[in-house]
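Written below as structure tokens is the structure these notes are about.
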Amino acid sequence: MSLQESIIQGIQDAFMACYQHAIDLEQVSLSPTKKEFSGDYTFVVFPFLKISQSSPEATAQQIGQYLKAHVSSVRDFNVVKGFLNLEVAQQQWLELFTSLYTAPSLGQLPANGKKVMVEYSSPNTNKPLHLGHLRNNFLGFSIAEILKASGYEVIKANLVNDRGIHICKSMVAYLHHGNGETPASSGLKGDHLAGKYYVLFDSLYKKQQKELMEQGKSEEEAKKTAPILVEAQEMLRKWEDHDQEVISLWKTMNTWVYAGFEETYRNMGVDFDITYYESNTYLLGKDIVEEGLSKGVFYKKQDGSVWVDLSAEGLDEKLVLRGDGTSVYITQDMGTADLKYKDFHIDKSVYVVGNEQDYHFDVLFKIMRKLGRSYGPGLYHLSYGMVDLPSGKMKSREGTVVDADELIQEMIDTAAHHTKALGKIEGFTEEQAQGLYEMLGLGALKYFLLKVDPKKRMLFNPQESIEFQGNTGPFIQYSHARIAAILRKAAQLGVDLSPTGFSQVRELSETEVSLIQLLQDFERKLKMAADEYSPAILSQYLFEVAKEYNRFYAELPIFHEKDLQVQAFRVALSAHTAKTIHCGMRLLGIEVPQRM
RNA sequence: GGCCUUGUAGUUCAACGGAUAGAACAAGCGUUUCCUAAACGCUAGAUCUAGGUUCGAUUCCUAGCUAGGCUACCA
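Our numbering puts the first residue of the first sequence at 3, with every later residue one more than the last.
Okay, structure coming up:
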């Protein structure tokens, strides 16, 4: 039983003893006491006044008396209004720390026997990844790691959108203007090469529209009849008919793009256990339409189109199959949902997709639940907000996107610049220095994108957003490097880091206690992050740990401390802090250095 | 039009219905004969508006305003 649990248990007993009334454990809020009041944990009595039938102060007094008398860890208490502040005995903190310090594992909750798939990234093959994808990829990777650490078996999946009219647009432009250009001949990364022709298509298309309108056609007509668009549509039909030439060009260009993506993924430090391709899944789902019809979940209109009526659930009627029998987006999504289940027998399925598709996933999940899928209740849309620029929303056609590869490189360059300016790479080989720049640049970027609640829209200012000071990745990384230096020195001095080395410590400072209090909260935060699908919770927590450690570092001496028991304790406390930071940052996909 | 989501210091972000709304950056003032100053301490600064529920509301409800998204036989 943890310290808090034993206190909560004591509070329950207190209510039984004082008021002959059982209270619900869930309702007891026990939180760390605010800095401006004395005490370690605070219990709020207001919700229980009906039970005690007395004033907040009197109730708090009575409970406090009981706890002091009956719960060994409670040394003393004070009451401010309806707030009961409890003081924990010093010895308890040392015991608590020792149990944390000697625990066989950190940051891995017991297996729960459940399987979850996390689908993320899911790029289109007609253009390179941009800033928005970075948020998606970092979120997806991190939440997968967090779920793993909280006891799930996790499958990371990527669903590549490799077909459709947008791919054909790049292909048409390339066909006419590519002149046989390849990634090798141009020195362009494959995904950037494809993106170049996608942009080219758009400008050619606009030009043709303009010409048609000058010839007297309406805007709408011009948009529909521009030759280059017609050609792209024709190409899509040929693709669906397995036309040799089209398929061959498609394969060639996609191969280039995949090579480019692979490089970007490697730089980002994300990976996948399985990759699905829409060219293989886009025909799935029609059998589910049949199933839905026979189960009465769907209905057919006169023109043969198939619909689902979700008005009882607060949504509209939605089309699930066109009148001509062809699929729409949701048809294949139904099929893919089943495919994922067939492949892995998952209990839960998480989709990391932007919030502009909230409605779509609402519909999809309601359908799968109506169809009675076993994994239906475990469907979850990890919906995240867009990343805006100071100029507003990113638009690929207007050239206002922040390219992922470029941004990563800029981050690394900036990290290199800072590090050199601070003169921190003495004794580093060129390779080690380069490794550090990458670790710091990427750490800054990932932390910046992960520290914000995923649901919220966020702003990215290329000039100002990426800092290396304050609430940042590098700050936490720096804290780790500081501790690493201490541990090296402790090893040199032969400090006894076994629990007996500090078991005689009697007096702890306030800062040491807060640090222990924070450190013991790690697994609870981990679980919270998993339950709420929010790496931000973990990010904030790690920042608090690093901040509290730096205060400890500034306030208290370690190697100048004469009492060797105290010295050993402080080294051990440092070591466990480093371990927690390392473990937590790993769940965010961020590495931590030994020196910086 | 309908539906969903947002609105907190100058800026970017926090706050299970709980105390005097926390951080970081920017601003100002300090800290280095001492383990890494990418650090630490101090000062100043905010809940969109109007009602309601509650012992207590940034949080829940209603209305409005603001910003964004969705509302295709597009993906």
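Note that the Cβ used here is the ideal one computed from N, Cα and C, for glycine as well.
For the pair residue 538 and residue 413, the Cα-to-Cα distance works out to about 21 Å.
In this structure residue 167 is exposed. Its beta-carbon is surrounded by fewer than 16 other beta-carbon atoms within 10 angstroms. Take the alpha-carbon of residue 328 and the one of residue 301: they are about 16 Å apart. The C-beta distance from residue 357 to residue 331 rounds to 17 Å, too long to fall under 8 Å, and the pair is not in contact.
For residue 457, the closest C-alpha among the options 29, 82, 162, 141 is that of 141. One alpha carbon belongs to residue 498, the other to residue 106, and they sit about 19 Å apart. Judged by DSSP secondary structure, residue 351 falls outside any alpha helix (DSSP H) and instead within the beta strand (DSSP E) spanning 350-356. Taking a C-beta distance under 8 Å as the contact criterion, residue 354 and residue 126 do not qualify as a contact pair. Taking each of 421, 490, 41, 590 in turn and checking the Cα distance to residue 577, the smallest one comes out for 490. Residue 112 carries a coil assignment under DSSP once its states are collapsed to helix, strand and coil.
When secondary structure is reduced to three states using DSSP, residue 23 falls in the coil class, being assigned neither helix nor strand. Burial check for residue 541: the Cβ neighbour count within 10 Å reaches 16 or more, so the residue is buried.
For residue 133, the closest alpha carbon among the candidates 424, 467, 117, 377 is that of 467. Distance from the Cα of residue 60 is smallest, within the candidate group 83, 77, 585, 559, for 83. Beta-bridge pairing by DSSP links residue 244 to no other residue. Using a Cβ distance threshold of 8 Å, residue 231 and residue 207 count as a contacting pair. By the Cβ-count criterion, residue 99 is buried, with 16 or more other Cβ atoms from all chains shown falling within 10 Å of its own Cβ. Note: residue 34 is bridge-paired with 43 in the DSSP secondary-structure output. Put simply, the backbone Cα of residue 335 is about 22 Å away from that of residue 145. Collapsing the DSSP output to three states places residue 455 in coil. The residue from 35, 12, 494, 558 with its alpha-carbon nearest to that of residue 24 is 12. Each of 203, 199, 229, 190 was checked against the Cα of residue 213, and the nearest Cα belongs to 229. If the five residues before and after residue 333 are omitted, its C-beta is found closer than 7 Å to the C-beta atoms of 287, 288, 291, 322, 323, all from its own chain and listed in chain order. Scanning the segment 419-471 for uninterrupted alpha helix (DSSP H) segments of 4 residues or longer gives 432-452, listed from N- to C-terminal end. In the three-state scheme derived from DSSP, where H, G and I count as helix and E and B as strand, residue 387 is classed as coil.
Following the DSSP letters along the chain, one finds residue 371 inside the alpha helix (DSSP H) bounded by residues 360-372. Relative to residue 163, the option among 186, 149, 136, 131 whose CA is nearest is 131.
Cα atoms of residue 158 and residue 419: separation of roughly 35 Å, rounded to the nearest angstrom. Nearest to residue 463 by alpha-carbon distance, out of 544, 442, 450, 154, is 450. Scanning the segment 184-253 for uninterrupted alpha helix (DSSP H) segments of 4 residues or longer gives 185-188, 192-216, 221-227, 229-242, listed from N- to C-terminal end. Residue 283 carries a helical assignment under DSSP once its states are collapsed to helix, strand and coil.
A straight-line Cα-Cα distance of about 34 Å links residue 283 and residue 211. Residue 306 and residue 294 do not touch by the CB rule: their CB atoms are close to 15 Å apart, not below 8 Å. Take residue 199, set aside five residues on each side of it, and the residues of its chain with a beta-carbon closer than 6 Å to its own are 172, 175, 176, in chain order.
Residue 69 and residue 521 do not touch by the CB rule: their CB atoms are close to 24 Å apart, not below 8 Å. Beta-bridge pairing by DSSP links residue 79 to 88.
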